[in-house]
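> In this note's numbering, the protein residues as written are 13 to 480.
We put the CB at the ideal spot given by N, CA and C, even for glycine.
One structure is given below, represented as structure tokens, and several questions about it will come after.
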């Protein structure tokens, strides 16, 4: 995303009617997406309205009112704002205002991106801006207390967000808005991506409401809870376990307790209990939401992030066999920053040749050190095209070669050998080298890396796959 020039910014401010005082709190950024093949030759610019907290003006209402006149704005980013009831109503009007998209509007959401970061909203459980605590020391206020109003602006905003077409909705450290969305949103009818990031975590009631919301939102494909402590995984897991429509699930850095980890991810076997003949019924009763998603043929899960969750060798023992299922749709798996040792790596490598769908795997950093097992297992794998940085291993160069020839089309060569082909035809090698030459290398000397890969393919490819 690139910022416009000063002249262009001033023109945008003039077009939207923003005053000089409020211009310090707003910024309009313009990006040019790639041109699409449509019936109309015009290219639509995607504009982002960024409103930040300012010492000159704390009320974003004028900016939101002027933004309604600019139908080119398709993304909203609010940072550190304090929304009053009037500002929330202005925001609702902006969210419901028509957007000027392309003629092929069926492929676009009304809003591409709506982001709330460190924003303060009125308490949704009280029908106004003031949040008056009802305590024993305020008995005179208790008599004047009114029950929660269903028409409170924060509740209205939650319902509008749930009904509006949004490509990605991100709520970061805006607790009252999170509470209103989980309590009054019921279902995200037109939202494809939801990210909730709360440093102070979710309450038990919010965990239960989030599970119900995700399960009912059939159009939701991406869910991220990274960095959000989840105190009770047992309340969130039932809804998550039946969310077969999810394609991306990010649970990294969720600060899960041992029981919440068993409920949300999977329950490993208790080796000590098994060796001594003790009961493991507590693990058998765990919900294991992610495990059930991966095992279900109805699941559409293609990307899973389980980083920073203290997974150990016992978790890998349960997880690795699932990844060999030919009906699995999982393409990306992140197991970085866990407690996986050499035993867990050996189990993973044992099943690695049978993992025919995974294309991106992250295993580092973890306590394991034996990279030779991983290198030997990668000789038989034809699908993994990316392994995270393993520069500390002596076998790092060979691992990069294996992923490179996987990207170059090693699967085609193995399929030909399995069908009884006699050697690699020259035309196939030309396609293979052409694809390998298009690989992007994240090193300084890219030309040398390409030359090494092509030389390796020419010299060792037929030896690996064409000889018995």
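#1: In this structure, does DSSP put residue 105 in helix, strand or coil?
#2: My understanding is that residue 264 touches residue 317, with C-beta atoms under 8 Å, so please give their C-beta distance in whole angstroms.
#3: Does DSSP put residue 404 in a helix, a strand or coil?
#4: Taking the C-alpha atoms as reference points, what is the distance between residue 331 and residue 200?
#5: Tell me which residues share the same chain as residue 19 and place their Cβ nearer than 6 Å to its Cβ, disregarding the 5 neighbours each side in the sequence.
#6: Are the beta-carbon atoms of residue 329 and residue 299 separated by less than 8 Å?
#7: Are residue 314 and residue 260 close, meaning C-beta to C-beta below 8 Å?
#8: Measuring straight from C-alpha to C-alpha, what distance separates residue 303 and residue 278?
#9: Going by DSSP, what residue range makes up the beta strand (DSSP E) through residue 394?
#10: Name the residue from 106, 363, 319 whose alpha carbon lies nearest to the alpha carbon of residue 351.
#11: Alpha carbon to alpha carbon, what distance is there between residue 170 and residue 306?
#12: Looking at the structure shown, is residue 76 part of a helix, part of a strand, or coil, going by DSSP?
#13: Unbroken beta strand (DSSP E) runs of length 3 or more, entirely within the segment 176–227: which are they?
#14: DSSP beta-bridge partners for residue 409?
#15: Determine the DSSP secondary structure at residue 359, reduced to helix, strand or coil.
#16: Going by beta carbon distance, what residues of the same chain come within less than 6 Å of residue 90, once the five residues before and after it are set aside?
#17: When the distance is taken between beta carbons, is residue 247 closer than 8 Å to residue 220?
#18: Select from 367, 386, 369, 126 the residue whose C-alpha is nearest the C-alpha of residue 376.
#19: Could you tell me whether the Cβ atoms of residue 256 and residue 339 are closer together than 8 Å?
#20: Grouping DSSP H, G and I as helix and E and B as strand, with all else coil, what is residue 342?
#21: Since residue 85 and residue 61 should fall inside the 8 Å C-beta cutoff, what is the C-beta to C-beta distance between them, to a whole number of angstroms?
#22: Excluding the five sequence neighbours on either side, which residues of its own chain have a C-beta within less than 7 Å of the C-beta of residue 365, listed in chain order?
#23: If residue 98 and residue 66 are in contact, beta carbons under 8 Å, what's the gap, nearest whole angstrom?
#24: Out of curiosity, what's the CA-to-CA distance linking residue 93 and residue 411?
#25: Residue 110 to residue 165, Cα distance in whole Å?
#26: Here's the rule I'm using: 16 or more other beta-carbon atoms within 10 Å means buried, otherwise exposed. How should residue 454 be labelled?
#27: Tell whether a beta-carbon distance below 8 Å holds between residue 106 and residue 79.
#28: Would you mind giving the Cβ-Cβ distance between residue 209 and residue 184, rounded to the nearest angstrom? I have them listed as a contact below 8 Å.
#29: For residue 308, which residues in the same chain have their Cβ closer than 7 Å to its Cβ, ignoring the five residues on either side in sequence?
#30: Could you tell me the distance, in whole angstroms, from the CA atom of residue 368 to the CA atom of residue 404?
#31: CB residue 205 to CB residue 234, shorter than 8 Å?
#32: Less than 8 Å between the beta carbons of residue 125 and residue 177, yes or no?
#33: To which residues of the same chain is residue 322 closer than 7 Å at the C-beta, ignoring the five residues directly before and after it?
#34: Out of 396, 419, 395, 383, point me to the one whose CA is closest to residue 409's CA.
#35: Report the rounded CA-to-CA distance for residue 1 versus residue 357, giving the unit in angstroms.
#36: Tell whether a beta-carbon distance below 8 Å holds between residue 2 and residue 252.
Reading it off the structure:
#1: Working through the chain shown from its first residue, we reach residue 105 at position 93. DSSP places residue 105 in the helix class (H, G or I) of the three-state scheme.
#2: On the chain shown, position 252 is the one that residue 264 refers to. On the chain shown, position 305 is the one that residue 317 refers to. Between residue 317 and residue 264 the Cβ distance is about 5 Å, and since that is below 8 Å, they are a contact.
#3: Stepping through the chain shown from its first residue, residue 404 is reached at position 392. If DSSP states are grouped into helix, strand and coil, residue 404 belongs with coil.
#4: Locating residue 331 in the chain shown gives position 319, counting from the first residue. Locating residue 200 in the chain shown gives position 188, counting from the first residue. Distance between the alpha carbons of residue 331 and residue 200 is about 30 Å.
#5: For the purposes of this step, residue 19 is taken as the residue at position 7 of the chain shown. With a pLDDT of only 45 at residue 19, under 50, the local geometry of the prediction cannot be trusted, and the value read off the model is given with reservation. For residue 19, where only same-chain residues beyond five positions count, there are no Cβ hits under 6 Å.
#6: In the chain shown, counting from the first residue as 1, residue 329 sits at position 317. In the chain shown, counting from the first residue as 1, residue 299 sits at position 287. Contact annotation: residue 329 and residue 299 have beta-carbon atoms that are not nearer than 8 Å.
#7: The residue labelled residue 314 in the question sits at position 302 within the chain shown. The residue labelled residue 260 in the question sits at position 248 within the chain shown. Yes; because the gap between Cβ atoms is below 8 Å, this pair is in contact.
#8: To locate residue 303, count along the chain shown from 1; it is residue 291. To locate residue 278, count along the chain shown from 1; it is residue 266. One Cα belongs to residue 303, the other to residue 278, and the distance between them is close to 5 Å.
#9: Along the chain shown, one-based indexing puts residue 394 at 382. Element bounds for residue 394: n/a, residue is neither H nor E.
#10: Reading the chain shown from its first residue, position 339 is the one you call residue 351. Nearest to residue 351 by alpha-carbon distance, out of 106, 363, 319, is 319.
#11: Start at 1 with the first residue of the chain shown, and residue 306 comes out as number 294. Start at 1 with the first residue of the chain shown, and residue 170 comes out as number 158. Rounded to whole angstroms, residue 306 and residue 170 show a C-alpha spacing of 31 Å.
#12: Residue 76 sits at position 64 when you count from the first residue of the chain shown. Helix.
#13: Entirely contained in the segment 176–227, the beta strand (DSSP E) runs reaching 3 residues are, in chain order, 178–184, 203–209.
#14: The residue given as residue 409 occupies position 397 in the chain shown. Partner(s): none; residue 409 has no beta bridge.
#15: Mapped onto the chain shown, residue 359 falls at position 347. Of the three classes helix, strand and coil, the one that applies to residue 359 here is helix, per DSSP.
#16: Taking the first residue of the chain shown as position 1, residue 90 is located at position 78. Spatial neighbours of residue 90 in its own chain (CB-CB distance under 6 Å, excluding positions within 5 residues in sequence) are listed in chain order as 63, 128, 131.
#17: Residue numbering aside, residue 220 sits at position 208 when the chain shown is read from its first letter. Residue numbering aside, residue 247 sits at position 235 when the chain shown is read from its first letter. Yes. Within cutoff.
#18: As a working mapping, residue 376 is identified with position 364 in the chain shown. Residue nearest to residue 376 within the set 367, 386, 369, 126 is 386 (criterion: CA-CA distance).
#19: Here the question's residue 256 lines up with position 244 in the chain shown. Here the question's residue 339 lines up with position 327 in the chain shown. No, the pair does not count as a contact, with Cβ atoms beyond the cut-off.
#20: Counting from 1 along the chain shown, the entry for residue 342 is found at position 330. Three-state DSSP puts residue 342 in coil, outside helix and strand.
#21: If you number the chain shown from 1, residue 85 lands on position 73. If you number the chain shown from 1, residue 61 lands on position 49. Going by Cβ atoms, the distance from residue 85 to residue 61 rounds to 5 Å, so yes, they are a contact pair.
#22: By one-based count along the chain shown, residue 365 stands at place 353. Here the set comprises 389, 392, 393.
#23: The residue given as residue 98 occupies position 86 in the chain shown. The residue given as residue 66 occupies position 54 in the chain shown. Not really, about 17 Å apart at Cβ, beyond 8 Å.
#24: Residue mapping note: residue 93 aligns to position 81 of the chain shown, counting from 1. Residue mapping note: residue 411 aligns to position 399 of the chain shown, counting from 1. If you take the alpha carbons of residue 93 and residue 411, they lie about 48 Å apart.
#25: Residue 110 sits at position 98 when you count from the first residue of the chain shown. Residue 165 sits at position 153 when you count from the first residue of the chain shown. Those two C-alpha atoms are separated by around 21 Å.
#26: The residue given as residue 454 occupies position 442 in the chain shown. Note that residue 454 has pLDDT 46, beneath the 50 cutoff, so the model's placement of it is unreliable and the number below is only indicative. Answer is exposed; the Cβ neighbour count stays below 16.
#27: Counting from one through the chain shown, the residue named residue 106 turns up at place 94. Counting from one through the chain shown, the residue named residue 79 turns up at place 67. Yes, these two residues count as a Cβ contact at 8 Å.
#28: Reading the chain shown from its first residue, position 197 is the one you call residue 209. Reading the chain shown from its first residue, position 172 is the one you call residue 184. With a beta-carbon spacing of about 4 Å, residue 209 and residue 184 fall inside the 8 Å limit used to define contacts.
#29: The residue labelled residue 308 in the question sits at position 296 within the chain shown. Excluding the 5 residues flanking it on each side, residue 308 has same chain C-beta neighbours closer than 7 Å at 256, in chain order.
#30: Numbered from 1 along the chain shown, position 356 holds the residue referred to as residue 368. Numbered from 1 along the chain shown, position 392 holds the residue referred to as residue 404. Near 27 Å, if we compare the C-alpha coordinates of residue 404 and residue 368.
#31: Here residue 205 corresponds to residue number 193 of the chain shown, with the count starting at 1. Here residue 234 corresponds to residue number 222 of the chain shown, with the count starting at 1. Cβ atoms of residue 205 and residue 234: closer than 8 Å.
#32: For this step, residue 125 is matched to residue 113 along the chain shown. For this step, residue 177 is matched to residue 165 along the chain shown. Contact: no.
#33: Taking the chain shown and counting its residues from 1, one reaches residue 322 at position 310. Around residue 322, the same chain offers 350, 351 as residues with beta carbons nearer than 7 Å, after the five sequence neighbours per side are excluded.
#34: The count along the chain shown starts at 1 and reaches residue 409 at position 397. When only C-alpha atoms are compared, the closest one is 383.
#35: With the chain covering only 13 through 480, there is no way to say anything about residue 1.
#36: It is not possible to answer for residue 2, since the shown part of the chain is limited to 13 through 480.
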